[in-house]
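Quick note on the UniProt record's numbering: the sequence shown kicks off at 1 and runs consecutively. Positions of the beta carbon are idealized from the N, C-alpha and C atoms, including for glycine. Beneath this line is the structure, given in structure tokens, with notes to follow.
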Amino acid sequence: MQRQTADRELRLLTTLSTSYAIVSVMPNYGDNRLPEHLSAKRARVWEPHVAPINHLADQIADAEGIPRGHVPYVDPDSGGILARALVLLDNPSRKAKAGSGSGLLSLDNDDRTAWTCRLAYEAAGVDRRSVVHWNACPFPTASKKSGSLDSERARAARWTRDLVTLCTKLEFVLLLGGPARDGWRRSGYPGNLIVIGQDRDIPHCSGQGLATADAKQRFYGAVDELAGRLQNTEKGLVGG
């Protein structure tokens, strides 16, 4: 077991060191920037394993009085309701919003946050079909440049509970950043789940969140921990 963990950590560090070395010459982070790729993905948002969550997104939009689609839909290439791990972040990024991006919570979004997560998962051996991403504040926030407000996360707590109820195969939760940790607390810690980051600070995977070597180590260590837990309790995945 210790050897497997060491091998995963070495693979993770090697991949990420190489990737960060070339980021200055790689202006495009994800394939959702390509219209044909995004159109094909969006055509699948009502597939059975993601439809319940995306109907929830529409329900949230209705409650907030905003157009449907402005609460980003879950990527059909994720695990959806069959996911074994929930990764909770703060609020939709600019590249996830319908007006300025893909309209999807997706590892293929054209931003550094999605790119960092995707590389970390690949290096640690986390299959994207075992994971679903969500935000402590799933609707657009009042501020365009900062994170969600306490009041917004309080308003959104019920939606986190509803999401967990939909995802009947969940075993683990990974909380990325203080707002995610606060949002999870406000939701009442739903479900009998193993939560990574409930009692310690794991940074958000944005450039600002991973600005220090210590922050990077805590983030990648948490992803590696999630990978180990998923591999040790392997179950069925969505058909590929």
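Give every residue of the same chain whose Cβ lies closer than 7 Å to the Cβ of residue i, excluding the five residues on either side of it in the sequence, and list them in chain order.
i, result
"Arg229", "Phe172, Ile194"
"Arg128", "Asp77, Ser78, Leu107, Tyr121"
"Ala222", "Leu174, Ile196, Gly197, Ile202"
"Cys167", "Ile81, Ala83, Leu86, Val132"
"Trp115", "Tyr29, Gly30"
"Val45", "Asn54, Tyr73, Pro76"
What do you reckon, are the CB atoms on residue i and residue j nearer than 8 Å?
i, j, result
"Asn54", "Ser106", "no"
"Leu88", "Leu210", "no"
"Gly80", "Val50", "yes"
"Ala83", "Val131", "yes"
"residue 244", "Pro92", "Outside the shown range of the chain, which is 1 to 240, sits residue 244, and nothing can be said about it."
"Ser206", "Arg118", "no"
"His204", "Asp90", "yes"
"Ile60", "Pro138", "yes"
"Ala227", "Ala124", "yes"
Can you say whether residue i is buried or exposed, counting buried as having 16 or more other CB atoms within 10 angstroms of its CB?
i, result
"Ser143", "exposed"
"Gly103", "buried"
"Arg200", "exposed"
"Asn135", "buried"
"Lys95", "Note that Lys95 scores a pLDDT of 47, beneath 50, so its modelled location is shaky; the value from the coordinates is reported in the next line. By the neighbour-count rule (16 or more Cβ atoms within 10 Å), Lys95 is buried."
"Glu152", "buried"
"Ser148", "buried"
"Glu225", "buried"
"Thr141", "buried"
"Asp150", "exposed"
"Ala40", "exposed"
"residue 247", "The structure shown has nothing for residue 247, since the chain only spans 1 to 240."
"Ala63", "exposed"
"Ala43", "exposed"
Measure how close the beta-carbons of residue i and residue j come, nearest whole angstrom, since I'm counting them as under 8 Å.
i, j, result
"Arg218", "Ile202", "6 Å"
"Pro213", "Gly183", "According to the sequence shown, residue 213 is Ala rather than Pro. Going by Cβ atoms, the distance from Ala213 to Gly183 rounds to 27 Å, so no, they are not a contact pair."
In its own chain, which residues sit with a C-beta less than 8 Å from the C-beta of residue i, not counting the 5 before and 5 after it?
i, result
"Pro190", "Thr160, Arg161, Val164, Thr165"
"His37", "Asp31, Asp108"
"Leu170", "Ala83, Arg84, Ala85, Leu86, Val164, Gly191, Leu193"
Compare the C-beta of residue i against all C-beta atoms of chain B and say whether one is closer than 8 Å.
i, result
"Arg185", "The structure shown contains no chain B; it holds only a single protein chain."
Leaving out the 5 sequence neighbours to the left and right, which residues in its chain are closer than 6 Å to residue i when beta-carbon positions are compared?
i, result
"Pro52", "Ile81, Leu166"
"Asp58", "Arg68"
Every unbroken alpha helix (DSSP H) within the stretch 46-128, with a cutoff of 4 residues, ordered by chain: 51-64, 112-124
Going along the chain, which unbroken runs of the beta strand (DSSP E) with 3 or more residues stay wholly within the stretch 175-232? 194-196
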